[in-house]
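Have a look at the structure below, then the notes.
Numbering (our numbering), first residue to last: 705 to 851.
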């Protein structure tokens, strides 16, 4: 006897088992949500039409920037002997990096503070201070004369 298999209907939807859906982020090998970024691009009306690759590219760029900032901020936290990254560490990471500093030039990070910087004019001169200390250390102390 012949076995009759179920025929699939329109578009292959009826009958048979349905495949499990795979997110676009997994297909692209990214952590950032490609589908959500695509939705934001469409709802934001940045353009009349959006290409298929645009949200993937944007997600990849955002993920790279986030990873870069987090890595540098983690290094700054470790330098300050802390386990957690706080806004101060993010500020130090961004301002000390040349390219990120240029990208985020006009950005203010809340609770970040400022870079430690003392104008060299305000510092005491080393030449006169060093000379005075050398003279003081070289002159031997004379013991008082006994009468």
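For every residue, glycine included, the Cβ atom is placed at its ideal position computed from N, Cα and C.
query	result
What span of residues does the alpha helix (DSSP H) with residue 750 cover, start to end?	Run containing residue 750: none; DSSP gives neither H nor E here.
On the criterion of 16 or more Cβ atoms from any shown chain inside 10 Å, does residue 814 qualify as buried, or is it exposed?	exposed
Within 10 angstroms of the Cβ of residue 777, are there 16 or more other Cβ atoms? Answer buried if so, exposed if not.	buried
Shorter than 8 Å from the beta carbon of residue 817 to some beta carbon of chain D?	The structure shown contains no chain D, having only a single protein chain.
State whether the segment 732-739 contacts the segment 747-757, with contact taken as three or more CB pairs (one from each stretch) at a distance under 8 Å.	no
The alpha helix (DSSP H) with residue 734 in it runs from where to where?	Premise fails: residue 734 is in no alpha helix (DSSP H) and is neither H nor E.
In angstroms, rounded to a whole number, what distance separates the CA positions of residue 830 and residue 821?	18 Å
At what residues does the alpha helix (DSSP H) containing residue 723 begin and finish?	Where residue 723 is concerned, there is no enclosing alpha helix (DSSP H), given that its DSSP letter is neither H nor E.
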